[in-house]
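2 protein chains.
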Amino acid sequence: MFDAESLTYDANGLIPAIAQSPEGEVLMLAWMNAEAVRRTLATGKVTYWSRSRQDYWVKGETSGHHQRLIEMRVDCDRDTLLVIVDQAGPACHTNRRSCFYRAVRDGGEVEIMSPMAGA
Amino acid sequence: MFDAESLTYDANGLIPAIAQSPEGEVLMLAWMNAEAVRRTLATGKVTYWSRSRQDYWVKGETSGHHQRLIEMRVDCDRDTLLVIVDQAGPACHTNRRSCFYRAVRDGGEVEIMSPMAGA
């Protein structure tokens, strides 16, 4: 049986979770505590712990941009999660598909992704 | 100009960096401080800060499994990096291509990736 307590959490009780689409796009990184891990697995709705709000954050609950869990993966050190997700619309609060929309090129920073139309 | 000091580091002066292959495979997550970010960009050799050794860690320096930087990306909150890398052989110290080789399936944990042959 998978036990959320078997993961390694940081001093704040949190573990980073990378969200990736089945097509391979890294969408975002956010944080979970053990209860958020359990809720994500139990409900299939990817649930983070919001460090700014200090509360559970069911992704998409207010924005409508849900993340449905396809599979949760655990790394070798058990201190990072990779969640493969079916992402509705943009993952980023800027309405971009991914939060990683800036690239360092030629010593400067450039935007490589535009906000999604109608998102 | 891109300035490593413009990123948001945690209380330990670190920022998580997700390493991904150009084909889309998430290989690992490790940590950088501002100087590791600068060294990575300056040398093209992906350089982390080892929290266990409390020292710089040029990926592959001892294992030979180098990571050559293809592109560094910055997320919306500037508190996570995504590095697209050319990974020589396995990224994981277990000789697996990726550190995320365990999946939670049917309530249990299964290995979904074997160590690389000859790695």
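From first to last, the protein sequence lines are chains A and B.
Heads up, the final residue of the first sequence is numbered 119 in full-length UniProt numbering, and it's a clean run with no missing numbers.
Heads up, the final residue of the second sequence is numbered 119 in full-length UniProt numbering, and it's a clean run with no missing numbers.
A virtual CB, placed ideally from N, CA and C, is assigned to each residue, including glycine.
Would residue i pass as an interface residue toward chain B - the criterion being a Cβ-Cβ separation below 8 Å?
{"i": "A:Val-85", "result": "no"}
{"i": "A:Arg-97", "result": "no"}
{"i": "A:Thr-94", "result": "yes"}
Counting contacts by CB-CB distance shorter than 8 Å, is residue i in contact with chain A?
{"i": "B:Ala-103", "result": "yes"}
{"i": "B:Ala-29", "result": "Per the sequence presented here, residue 29 of chain B reads as Leu, with Ala not at that position. Interface residue, yes."}
{"i": "B:Asp-55", "result": "no"}
{"i": "B:Ile-18", "result": "yes"}
{"i": "B:Met-1", "result": "yes"}
{"i": "B:Glu-111", "result": "no"}
Applying a beta-carbon distance threshold of less than 9 Å, which residues of chain B neighbour residue i?
{"i": "A:His-65", "result": "Residues of chain B passing the Cβ test: none, with the nearest at roughly 14 Å."}
Evaluate residue i with the Cβ neighbour count: other Cβ atoms within 10 Å of its Cβ, from every protein chain shown; 16 or more gives buried, anything less gives exposed.
{"i": "B:Asp-86", "result": "exposed"}
{"i": "B:Gln-20", "result": "buried"}
{"i": "A:Arg-102", "result": "buried"}
{"i": "A:Ser-98", "result": "buried"}
{"i": "B:Thr-80", "result": "buried"}
{"i": "A:Val-110", "result": "exposed"}
{"i": "A:Ala-42", "result": "exposed"}
{"i": "B:Thr-47", "result": "buried"}
{"i": "B:Pro-22", "result": "exposed"}
{"i": "A:Asp-10", "result": "exposed"}
{"i": "B:Asp-55", "result": "exposed"}
{"i": "B:Leu-3", "result": "Per the sequence shown, residue 3 of chain B should be read as Asp rather than Leu. Exposed, since its Cβ has fewer than 16 Cβ neighbours within 10 Å."}
{"i": "B:Arg-96", "result": "buried"}
{"i": "B:Thr-8", "result": "exposed"}
{"i": "A:Met-32", "result": "buried"}
Less than 8 Å between the CB atoms is what I'm expecting for residue i and residue j, so what's the real figure, rounded?
{"i": "A:Trp-57", "j": "A:Ser-63", "result": "With a Cβ gap of about 11 Å, A:Trp-57 and A:Ser-63 do not count as contacting."}
{"i": "A:Ile-18", "j": "B:Ile-70", "result": "With 8 Å as the limit, A:Ile-18 and B:Ile-70 do not qualify as a contact, their Cβ atoms being about 18 Å apart."}
{"i": "B:Gly-60", "j": "B:Ala-88", "result": "6 Å"}
{"i": "B:Leu-27", "j": "B:Ala-91", "result": "4 Å"}
{"i": "B:Arg-105", "j": "A:Phe-100", "result": "Not quite, the Cβ-Cβ distance comes to about 28 Å (not below 8 Å), so this is no contact."}
{"i": "A:Gly-44", "j": "A:Arg-68", "result": "6 Å"}
{"i": "B:Gly-24", "j": "A:Gly-118", "result": "No, B:Gly-24 and A:Gly-118 are not in contact; Cβ-Cβ is about 26 Å, not under 8 Å."}
{"i": "A:Cys-76", "j": "B:Thr-40", "result": "Their Cβ separation, rounded to whole angstroms, is 22 Å, which puts A:Cys-76 and B:Thr-40 out of contact at 8 Å."}
What residues of chain A sit near residue i, judged by a beta carbon separation below 7 Å?
{"i": "B:Leu-82", "result": "Val-26, Phe-100"}
Could you work out which residues of chain A lie near residue i, taking near to mean beta carbons separated by less than 9 Å?
{"i": "B:Val-46", "result": "Under the 9 Å cutoff, chain A gives no residues; its nearest Cβ is about 13 Å from B:Val-46."}
{"i": "B:Leu-41", "result": "Val-104, Gly-107"}
Please list, in chain order, the chain B residues whose beta carbon lies closer than 8 Å to that of residue i.
{"i": "A:Glu-71", "result": "Ala-103, Val-104, Arg-105"}
For a contact defined as C-beta to C-beta under 7 Å, what are the partners of residue i on chain B?
{"i": "A:Val-58", "result": "The premise fails here: A:Val-58 is roughly 19 Å from chain B at the closest Cβ pair, so nothing lies under 7 Å."}
So, do the stretch 5 to 18 of chain B and the stretch 33 to 44 of chain B have three or more beta carbon pairs nearer to each other than 8 Å? Yes: at least three Cβ pairs fall under 8 Å.
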